Amino acid sequence: MSERLYIFDTTLRDGEQSPGASMTRDEKIRIARQLEKLGVDIIEAGFAAASPGDAESINAIAEAIKESTICSLARANERDIRAAGEAIKPAARGRIHTFIATSPIHMEKKLRMQPDQVVEAAVAAVKLARQYTDDVEFSAEDALRSEPDFLCRIFDAVIKAGARTINVPDTVGYAVPHLTTEFFRKLIEGTPNSDQVIWSAHCHNDLGMAVANSLAAVMGGARQVECTINGLGERAGNAALEEIVMAVRTRCDVFDLETRIDTTQIVPASKLISSITGYPVQPNKAVVGANAFAHESGIHQDGVLKHRETYEIMSAESVGWSQNKLTLGKLSGRNAFRTRLQELGILPEGEEALNAAFARFKELADKKREIFDEDLRALLGDSGPDATERYRLISLKVVSETGEQPTANLVMGAQGEEHRVVAHGAGPVDAVFKAIESVAQSGADLLLYSVNAVTAGTDSQAEVTVRLSLDDMVVNGQGADIDVLVASTEAYISALNRLTTEAGRAHPQA
Ligand SMILES: [Zn+2]
């Protein structure tokens, strides 16, 4: 039997720290359910001390998920550990992941602590965390730029204090593969009782080597890798889960390790993350890019048709690529609708939510002949107008004519009041956004406006992402509709609503 490699997914924590990738509680729960289906061992659900909203999200995920361990990040201080401990309480299996910086530059310049004080704080944090759960992970932030001797010392101390997983993060993406293998070997050899814990890698992609370094760490003895779907994460991102999992599986001759991942859930997970965060996947991205299994050259096509293995090292089906399936249409009933949502893992909770989604489905089916899985995903992602939100779209009329300036007539709800405005713009979308701003007057900057066709065909739904920034905050809003202008309006309004709930969150750098 091959040894086990544990997959620790941090899409909801490190991934969420990408600018504008912050997610609502419900979006996080949807992602957590997909990660559970995917079979990840540990879901890092957030950083409880960041804000009450973060703690609440972790709590809700801990309630909803039964198969995966639910983890909260915590700095090595009492307030953070207690917040994490409370947040994971409902989990069937809960973990606290506490960290402190160990590199000379971080200890001196950031923490302003002596090495002895750092060890002391780490030990105290692990001991306190153990009062909440037996499953405690310790991370030495910026480990790859830390002194190996000091790392062995602090790891020895935290293992004695009760840590079960030792994480060695390359926080700044500085590592090189062959040295990473050596580094892990040295730490594992030099730390007393190193066989009592699981060693873990957490790599960032600043030099494009996050996956290579994670796999190098595995060669050096790591048995947990921390990664994210699509490699989402701050700056250049984290190691991509799909690449690590498929590398270990495809090259089992080299790694001889097993994961619990159901690889056919990889592409659905990738699409879900991409549509929720508004971060598109580049077409040539390994495993989950649209071209990852497309063979353009005639020689390749011929070879693949004769015998797939000539040019393909893994199959598209094995990672969850399937043909656009025509699933439902105008005449489909509520039962067929529910069954398909269940199969896709996007069934909303409660009859009321299902009824609302079914009503939106009927509306869409009136306008669009064929409804694909992607349409259903977009439909469920777009929960429709919510009366509790600060702003909402009531109605929209846009006039666009050759040689004339486009005009938007907008009726919009703002804090319970109805506003009617008319605005002109350089283009129709510009006119709509100006109309919204004349009511909201947020002063936010528009950082990104992107439109994606959900499926092929001119009657496809448009999925629009709007990224706004105001002061230090960056948020995304999404809208999906057959009418691209309606989708754009919804996306802008949803971003505005989010700006009001995003204030005051802290982002750690682990
Ligand atoms: Zn990180």
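With the working numbering applied, the sequence shown closes on residue 811, and no number is skipped along the way. Glycine included, each C-beta is placed from N, C-alpha and C at the ideal position. This structure is a prediction, so every number in the text was calculated from the model and none was measured.
Near I695, which residues of its chain fall below 7 Å by C-beta distance, leaving aside the five closest residues on each side in sequence? V712, M713, G714 and E719
Tell me which residues share the same chain as A491 and place their Cβ nearer than 7 Å to its Cβ, disregarding the 5 neighbours each side in the sequence. In the sequence as displayed, the identity of residue 491 is Gly instead of Ala. Hits under 7 Å: P449 and C453.
Span of the beta strand (DSSP E) around G395: G395 to A402
I343 (DSSP reduced to helix, strand or coil): strand
At a threshold of 8 Å, does E317 count as lining ligand 1 (C-beta to nearest heavy atom)? no
Run the proximity test for T532: is its beta-carbon closer than 8 Å to any non-hydrogen atom belonging to ligand 1? Just to set this straight, residue 532 is Gly in the shown sequence, not Thr. G532: no, Cβ never under 8 Å from ligand 1.
Helix, strand or coil for K390, going by three-state DSSP, please let me know. coil
In three-state DSSP terms, what is S575? helix
Less than 8 Å between the CB of P320 and some heavy atom of ligand 1, yes or no? no
In the structure shown, what three-state DSSP assignment does E718 receive? strand
Does ligand 1 have a heavy atom nearer than 8 Å to the CB of P581? no
By alpha-carbon positions, which one of D554, A537, N539 and I567 ends up nearest to V546? I567
Regarding H725 and ligand 1, is the C-beta to nearest heavy atom distance less than 8 Å? no
Euclidean distance between Cα positions of M774 and V767: 14 Å
If you draw a straight line from the alpha carbon of E442 to that of K428, how long is it in whole angstroms? 18 Å
For the alpha helix (DSSP H) containing Y793, name the first residue and the last one. V785 to L800
Exposed unless 16 or more other CB atoms sit within 10 angstroms - verdict on A658: buried
Answer yes or no: the CB of T311 versus the heavy atoms of ligand 1, is any distance below 8 Å? yes
Considering only the beta carbon of each residue, do A363 and A392 sit closer than 9 Å? yes
Buried or exposed: V588, going by 16 or more other Cβ atoms within 10 Å of its Cβ? buried
Same chain, Cβ closer than 7 Å to L542, neighbours up to 5 away in sequence not counted: I308, D310, C528, T529 and I530
Does T703 pass the burial test, meaning 16 or more other C-beta atoms within 10 Å, or should it be called exposed? exposed
Using C-beta distances below 6 Å, list every residue in its chain close to T370, excluding the 5 sequence neighbours before and after it, in chain order. I343, R394 and R396
Here's the rule: buried if 16 or more other CB atoms are within 10 angstroms of the residue's CB, otherwise exposed. What is Q415? exposed
Assuming T312 and I574 form a contact by the criterion Cβ under 8 Å, report the distance between their Cβ atoms to the nearest whole angstrom. 6 Å
State the DSSP-derived secondary structure class of K586, mapped to helix, strand or coil. coil
Comparing the CB of N539 with every heavy atom of ligand 1, is any distance shorter than 8 Å? yes
Outcome for R670 when other beta-carbon atoms lying within 10 angstroms are tallied against a minimum of 16: exposed
N753, DSSP secondary structure in three states: strand
Straight-line CA distance for G509 to A537? 8 Å
Is K669 helix, strand or coil by DSSP? coil
With distances taken between CB atoms, is the gap from A444 to H479 smaller than 9 Å? no
Starting from N777, follow the beta strand (DSSP E) in both directions and report where the run begins and ends. M774 to D782
Comparing the CB of T472 with every heavy atom of ligand 1, is any distance shorter than 8 Å? yes
With distances taken between CB atoms, is the gap from R314 to L374 smaller than 9 Å? yes
Who does K698 pair with in a DSSP beta bridge? N710
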